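First the structure, in the form of structure tokens, and then the observations on it.
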Amino acid sequence: MNDGGERMERIDKLLSATGRWSRKEVKELVRQGRVLADGRTVQKPEEKADLAAVCLTVDGAEVDCAPFVYVMLYKPAGLLSATEDKNQPTVLDLLPPELKKRGLFPVGRLDKDTTGLLLLTDDGALAHELLSPKKHVDKVYRAEVEGRVDGRDVAALAAGLVLGDGTVCLPAGLEPLGDGSACLVTLREGKYHQVKRMLAARGKPVRALHRLRMGPLTLDGGLKPGQWRFLTPRERAELRG
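Quick note: the sequence shown uses my numbering, first residue 50, plus one each step.
So, in structure tokens, the structure goes:
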């Protein structure tokens with residue numbers, strides 16, 4: 050940072066930090082004249098620009114060089130919601146190396162066999178906001194169960210369950226689907242295996258669990274298991290409230 054308060058960074062660093070290209074790929078883009086800074090063709094990858102003010106484009110499309118990265122991932126079954134593990138693959142293994150270097154982490158955890166929406170970011174403050182029970186950020190799951198949920202289960206979850214080990218659960222939403230062998234569960238907290246434990250306590254063990262929504266963020270219907278995309282500017286704004 051210079052005396053004027055500008056945040057000067059190398060252009061190749063700015064572009065590679067987005068996770069879209071490696072440093073080597075950025076150098077090739079610059080060599081081919083495909084990178085512009087404020088409408089001017091970048092001549093060298095080591096040129097510097099003010100992060101807060103520059104408009105960088107690649108092939109005419111503006112590149113978001115925001116300080117934090119936000120990724121929507123469709124978590125498949127079989128992966129851990131962790132940054133690393135010595136023995137098992139994690140959701141971070143689905144990302145390209147350039148993006149993994151950003152230090153992204155899952156916002157909350159999904160069980161190994163649970164699928165669906167998972168937010169990955171390096172924005173610790175936002176993650177804290179989304180996970181705090183005091184913020185009342187709803188998380189919606191679709192569960193398939195053994196047996197059928199009914200009105201008594203709906204009332205029990207709405208009142209707040211106390212599990213067998215004494216764990217006290219906040220009131221939760223339960224909406225039976227079809228014949229009741231599937232349901233939507235809405236939580237405002239994220240205790241360990243909470244959906245499974247609550248439904249098991251009602252005698253309806255979970256056979257499959259899938260997260261559909263987290264706060265204003267809904268799983269993109271165009272994503273397939275294992276696929277991901279960056280959040281749109283609108284989605285990022287909505288998450289920040």
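A virtual CB, placed ideally from N, CA and C, is assigned to each residue, including glycine. Nothing here was measured: the structure is a model prediction, and the numbers come from that model.
Exercise. If you scan the region 109–154 from start to end, which runs of the beta strand (DSSP E) of 3 or more residues do you find wholly inside it?
Worked result: As far as the region 109–154 is concerned, its whole beta strand (DSSP E) runs of at least 3 residues are 119–124.
Exercise. Should Lys253 be labelled buried (16 or more other beta-carbon atoms within 10 Å of its own) or exposed?
Worked result: Stepping through the sequence shown from its first residue, residue 253 is reached at position 204. The residue in question, Lys253, is buried, as its Cβ has 16 or more Cβ neighbours within 10 Å.
For this session: Quick one: residues in its chain with C-beta nearer than 6 Å to the C-beta of Ala231, no 5 flanking neighbours on either side, listed in chain order?
Result: In the sequence shown, counting from the first residue as 1, residue 231 sits at position 182. Closer than 6 Å at the Cβ level, and outside the excluded window around Ala231, lie Glu193.
Exercise. Would you say the beta carbon of Thr216 comes nearer than 6 Å to a heavy atom of the ligand MN?
Worked result: Within the structure as shown, the ligand MN is missing, as the structure has no ligands at all.
Exercise. Which whole-angstrom value is the C-beta distance of Leu85 and Val91, which I expect to be below 8 Å?
Worked result: Here residue 85 refers to the residue found at position 36 when the sequence shown is read from its first residue. Here residue 91 refers to the residue found at position 42 when the sequence shown is read from its first residue. Correct: roughly 7 Å between the Cβ atoms.
Exercise. Under 7 Å, do Leu206 and Leu223 count as touching if we go by C-beta distance?
Worked result: Your numbering for residue 206 matches position 157 in the sequence shown. Your numbering for residue 223 matches position 174 in the sequence shown. In this structure, Leu223 lies closer than 7 Å to Leu206 by Cβ.
Exercise. Should Tyr241 be labelled buried (16 or more other beta-carbon atoms within 10 Å of its own) or exposed?
Worked result: In the sequence shown, residue 241 corresponds to position 192, counting from 1. So Tyr241 ends up on the exposed side.
Problem set entry | When Pro274, Gly82, Val217 are compared against Arg246, the one with the closest alpha-carbon | Here residue 246 corresponds to residue number 197 of the sequence shown, with the count starting at 1. Among Pro274, Gly82, Val217, the Cα nearest to that of Arg246 belongs to Val217.
Exercise. In terms of alpha-carbon separation, which member of Gly173, Arg197, Glu133 lies closest to Leu226?
Worked result: By one-based count along the sequence shown, residue 226 stands at place 177. Of the candidates Gly173, Arg197, Glu133, the one whose C-alpha sits nearest the C-alpha of Leu226 is Arg197.
Exercise. Taking the Cβ atom as the reference point for each residue, do Leu167 and Leu122 lie within a distance shorter than 7 Å?
Worked result: Along the sequence shown, read from residue 1 onward, the residue named residue 167 stands at position 118. Along the sequence shown, read from residue 1 onward, the residue named residue 122 stands at position 73. Closer than 7 Å, so yes.
Exercise. In chain order, what residues of the same chain lie with their CB nearer than 6 Å to the CB of Met50, ignoring the 5 residues before and after it?
Worked result: By 1-based counting over the sequence shown, the position of residue 50 is 1. Bear in mind that the predicted position of Met50 carries a pLDDT of just 32, short of 50, making it unreliable; the figure below should be weighed with that in mind. Closer than 6 Å at the Cβ level, and outside the excluded window around Met50, lie Arg56.
Exercise. Fully enclosed by the region 173–224, which beta strand (DSSP E) runs are 3 residues long or longer?
Worked result: 188–194
Problem set entry | Neighbour-count burial assignment, Asp172, 16 or more Cβ in a 10 Å radius | What you label residue 172 is simply residue 123 of the sequence shown in a count that begins at 1. Its Cβ being crowded by 16 or more others within 10 Å, Asp172 is buried.
Exercise. Which residue comes first and which comes last in the beta strand (DSSP E) that contains Glu58?
Worked result: Stepping through the sequence shown from its first residue, residue 58 is reached at position 9. Taken as a continuous stretch (DSSP letters only), the beta strand (DSSP E) holding Glu58 covers 57–59.
Problem set entry | Residue(s) in a DSSP beta bridge with Val234 | Position 185 of the sequence shown, counted from the start, is the residue given in the question as residue 234. Paired residues: Tyr190, Leu223.
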